[in-house]
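S.K.: Heads up: the first sequence begins at 5 in the working numbering, then just goes up one per residue.
Idealized CB from N, CA, C, for every residue including glycine.
From a predicted model like this one, the values you see are computed outputs, not experimental measurements.
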Amino acid sequence: MRDVKAPLQAALRQALHSLGIEAPGPIPVDLAPKGKPGDYGSPIAFQLARKLKKSPVEIASALRDSLPEIPGVREVHAVGGFLNFTFDPAYLVTAASEPPSPNPKRGEKVLIEHTSVNPNKELHVGHLRNVALGDAMARILDFAGHPVEVINYIDDTGLQAAETLFALDHYRLEDSGGEKFDHFAGKAYVRLHKDLEDESVRSALGPKIREVVKRLEQGELREAVARILDAQLETMWALGASYDALVWESDIVREGLLQKALDALAKTPYVRRMDEGKYRGAIVFDTSEFIPGLEDPYLVLVRSDGTATYTAKDIAFQLWKMGVLEGLRFKPYTRQPSGKTLYTSAPDGEPMAFGGAKRTVNVIDVRQSYPQAVLKAALKALGRDDLAEGHVHLAYETVLLEGRPLSGRKGHVVSVDELLEEATRRAREVIAEKNPDHPDPELAARQVGLGAVRFAMVKTEPRRQIDFRWQAVLSFEGDAAPYLQYAHARAASILRKAKAEGLDWQQGADPTLATPHEVALAKAMLGFSEAVEKSASEHTPHLLANHLLDLAAVWNAYYNAKENGRPATPVLGAPPGLRELRLKLVESLKETLRIGLTLLGVPAPEVM
RNA sequence: GCGCCCGUAGCUCAGUAGGAUAGAGCGAGCGCCUCCUAAGCGCUAGGUCGCAGGUUCGAAUCCUGCCGGGCGCACCA
5 MRDVKAPLQA ALRQALHSLG IEAPGPIPVD LAPKGKPGDY GSPIAFQLAR
55 KLKKSPVEIA SALRDSLPEI PGVREVHAVG GFLNFTFDPA YLVTAASEPP
105 SPNPKRGEKV LIEHTSVNPN KELHVGHLRN VALGDAMARI LDFAGHPVEV
155 INYIDDTGLQ AAETLFALDH YRLEDSGGEK FDHFAGKAYV RLHKDLEDES
205 VRSALGPKIR EVVKRLEQGE LREAVARILD AQLETMWALG ASYDALVWES
255 DIVREGLLQK ALDALAKTPY VRRMDEGKYR GAIVFDTSEF IPGLEDPYLV
305 LVRSDGTATY TAKDIAFQLW KMGVLEGLRF KPYTRQPSGK TLYTSAPDGE
355 PMAFGGAKRT VNVIDVRQSY PQAVLKAALK ALGRDDLAEG HVHLAYETVL
405 LEGRPLSGRK GHVVSVDELL EEATRRAREV IAEKNPDHPD PELAARQVGL
455 GAVRFAMVKT EPRRQIDFRW QAVLSFEGDA APYLQYAHAR AASILRKAKA
505 EGLDWQQGAD PTLATPHEVA LAKAMLGFSE AVEKSASEHT PHLLANHLLD
555 LAAVWNAYYN AKENGRPATP VLGAPPGLRE LRLKLVESLK ETLRIGLTLL
605 GVPAPEVM
């Protein structure tokens, strides 16, 4: 898809240059508002007014006179200081008739860590936001041209995993195979926590649980953890996620990365063992130079009993991600539904080209902003300000369920498996009602169910708390994935019919026949690449999600456009020349929607 | 208390590297299937952009203060 804004910016820059003015930064160009002349416009003259001590109107008019020829631009208007451009309709429609394509791969690899669910329980709606955001970001960054590597971190030495494994053993629970194992294990965990509310039980079981933590750190219980992880992976894959590698926390420890990280930090002036005070005997990191405003800037890396905190391991992991430390080995773990092989860190593996990225995106909820800031501080403490710059914490707010915080103990949770099943069931019902002759209702139901669930997680800005409400998520009307999918299916239907009629629209399109309806659609389509790039650079899929909603709305309006009570934009029934033009545009629109949906992990059904 | 984030239509949200009359969806009211899928489209009603100052030719967007709400301030993560 051709970029129509870049040539405008280039021309403006050139005009400025010929007037002896250097543009201060990027030159703003946007769609002209409704009711104003031109298709695109720039307020550049306003920005220069003060510096040049001239009125915007004067500057705009001088600029207009100095502009070079711009391909496709028919007229340039200076309107009250704005500089607007009217394109040849044929040019815009032709530009939009070419679907978007991925940017060629360029630059340094971006390592994105997401999911990283404790291997002790089934996934719930809170985890869902992480997977949906992380997977969408990976797809978007990839499309935008970045080499991307996706890591799922397995916190197998944490207390949570230990408690679940302990509970399974303690209650002598044998799974009969009737239940997905992560759900089964999760129940043991919940039961244990109920029992731990009793003080005497807690003091009796505490040492035994710590024993399990120790065994986990030795890597002894890896298979037991893997059994839970494998069940969780089923859910992650069902969501459409895919990973390059699993990195196990126990491997960070066993391969010596933790020790290397601690050794390196110990050589800096910021890390030392405390001789007195509340941290006596612990090794702490004084972050005050890097994180201002803290009452207590000391972060414990190694407890006085000699055990390392999670944050210490996370620092080691971050240093590995950025190539400061090396030493993890990998081997194939399994083949994913995406077709990609999933690798795992393993002591009996081989060195592989994972890690060593200059830029990392850590998808993790906002409550962990402080430990994430500590990772950045650790990089700076080691003198790697360059890498600290490349550390991005994609901090997303938590998910509420029907207005209240999630709570496993109060049973106020919804598992992802349950959610997908329910969404699919609802979709099945709607399809049976709306399209009883559907050729493959089960496929469409799964596509619509999954789409609704994933889209609900990415359409809102990450830093905003979202309230998961069954009624809204399962509503297949309005501002939601089914709206986009329906728009896509409508376009697909037209193309299917055209093919059935034996039409060939690759030739014979006459772009000079384009009406304002096609131009409006084309302009909406031409905003796609910018939306993707902005989503990539700002690390948020919601910009793309909102662009797609806008695009689908324009397309639906096009589809329904009427003049004098008659359909104004028939595609198949249009006269030759215009018909082919419309078919090409519809084909490109369909492809644009399909790509956009795919980048968000939302399936694009051919028939709904 | 200190720090970070959020206050935009009845509800849920876009819009914030300053730009042209603040936009959607849901909900309310009225219309549109002899026309390529009505999961759609059109129209109407609904907003002192939390409040008060400030900077600017121009502020929902930047600065300051205040008022609401969320989160974080453990030898947890």
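Below 8 angstroms, can you find three or more Cβ-Cβ pairs linking the region 475–489 to the region 40–58?
M.R.: Output reads no: the region 40–58 does not touch the region 475–489.
S.K.: Using a threshold of 7 angstroms, state whether the C-beta atoms of Leu548 and Val558 are closer than that.
M.R.: For Leu548 and Val558, no; Cβs fall outside 7 angstroms.
S.K.: Just reading off the alpha helix (DSSP H) that Phe321 is part of, what are its end residues?
M.R.: 314–325 is the extent of the alpha helix (DSSP H) around Phe321.
S.K.: Helix, strand or coil for Asn568? Go by DSSP, reduced to three states.
M.R.: Coil, per DSSP.
S.K.: For the beta strand (DSSP E) holding Pro336, just list the boundary residues, first then last.
M.R.: 333–339 is the span of the beta strand (DSSP E), which, as asked, contains Pro336.
S.K.: Measure the CB-CB distance between Ser1 and His131 and report whether it falls below 7 angstroms.
M.R.: This structure cannot speak to residue 1, because the chain is shown only from 5 to 612.
S.K.: Kindly confirm or deny that the region 493–511 and the region 423–441 touch, where touching means at least three C-beta pairs closer than 8 angstroms.
M.R.: No: fewer than three Cβ pairs fall under 8 angstroms.
S.K.: Pairs of beta-carbons, one from the region 277–288 and one from the region 368–388, closer than 8 angstroms: are there three or more?
M.R.: At 8 angstroms Cβ cutoff, the stretches do not touch.
S.K.: Is it the case that the Cβ atoms of Pro545 and Ala140 are separated by a distance below 7 angstroms?
M.R.: Their beta carbons are under 7 angstroms apart, which means Pro545 touches Ala140 by this criterion.
S.K.: What residues in its chain sit with their C-beta under 7 angstroms from that of Leu517, if we drop five residues either side in the sequence?
M.R.: If we look at Leu517 and ignore the five residues flanking it on each side, its Cβ neighbours are Gly581, Leu582, Leu585.
S.K.: Taking DSSP's pairing of strands, which residues face Glu1 in a bridge?
M.R.: Beyond the ends of the chain as shown, which are 5 and 612, falls residue 1; an answer cannot be given.
S.K.: Helix, strand or coil: how does DSSP classify Ser254 here?
M.R.: Ser254 falls in the helix class under three-state DSSP.
S.K.: Using CA atoms only, rank isn't needed, just tell me which of Pro571, Asn550, Ile232 is closest to Leu604.
M.R.: Ranking Pro571, Asn550, Ile232 by Cα distance to Leu604 puts Asn550 first.
S.K.: Could you say if the region 456–470 and the region 397–409 meet the contact criterion of at least three C-beta pairs nearer than 8 angstroms?
M.R.: Result yes; three or more Cβ-Cβ pairs closer than 8 angstroms.
S.K.: State the CB to CB distance for the pair Glu253 and Asp160, rounded to an integer number of angstroms; the pair is presumed to be in contact (CB under 8 angstroms).
M.R.: Indeed they touch by this definition, with Cβ atoms about 5 angstroms apart.
S.K.: Count the other C-beta atoms from every protein chain shown that fall within 10 angstroms of the C-beta of Leu137, then say buried if there are 16 or more, exposed otherwise.
M.R.: Leu137 is buried by the Cβ-count criterion.
S.K.: Which same chain residues, not among the five before or five after Val61, have their C-beta less than 6 angstroms away from its C-beta?
M.R.: Result list for Val61: Gly85, in chain order.
S.K.: Quick check: Phe656 and Val135, are their CB atoms within less than 7 angstroms of each other?
M.R.: Not covered by the structure: residue 656. The range shown for the chain is 5 to 612.
S.K.: With contact counted as at least three CB pairs below 8 angstroms, one residue from each stretch, are the region 66–77 and the region 106–123 in contact?
M.R.: Verdict: no, contact absent.
S.K.: Only counting the same chain, and skipping five residues up and downstream in sequence, which positions put a Cβ closer than 7 angstroms to that of Trp241?
M.R.: Same-chain partners within the cutoff: Gln340, Pro341.
S.K.: If I follow the unbroken alpha helix (DSSP H) through Thr364, where does it start and stop?
M.R.: Note, Thr364: premise wrong, no alpha helix (DSSP H); beta strand (DSSP E) at 363–369.
S.K.: Straight-line CA distance for Thr168 to Tyr193?
M.R.: The alpha-carbon atoms of Thr168 and Tyr193 are separated by roughly 5 angstroms.
S.K.: According to the Cβ coordinates, are Ala528 and Ala148 closer than 7 angstroms?
M.R.: No, they are not a contact pair.
S.K.: In whole angstroms, what is the alpha-carbon distance linking Pro609 and Gln451?
M.R.: Straight-line Cα distance between these residues: approximately 7 angstroms.
S.K.: Suppose contacts are defined by Cβ-Cβ distances below 7 angstroms. Is Gln365 in contact with Val328 by that definition?
M.R.: According to the sequence provided, residue 365 is Val. The question's Gln does not apply to it. Not closer than 7 angstroms, so no.
S.K.: Whole angstroms are fine: how far does the CA of Phe459 sit from the CA of Ala448?
M.R.: Near 16 angstroms, if we compare the C-alpha coordinates of Phe459 and Ala448.
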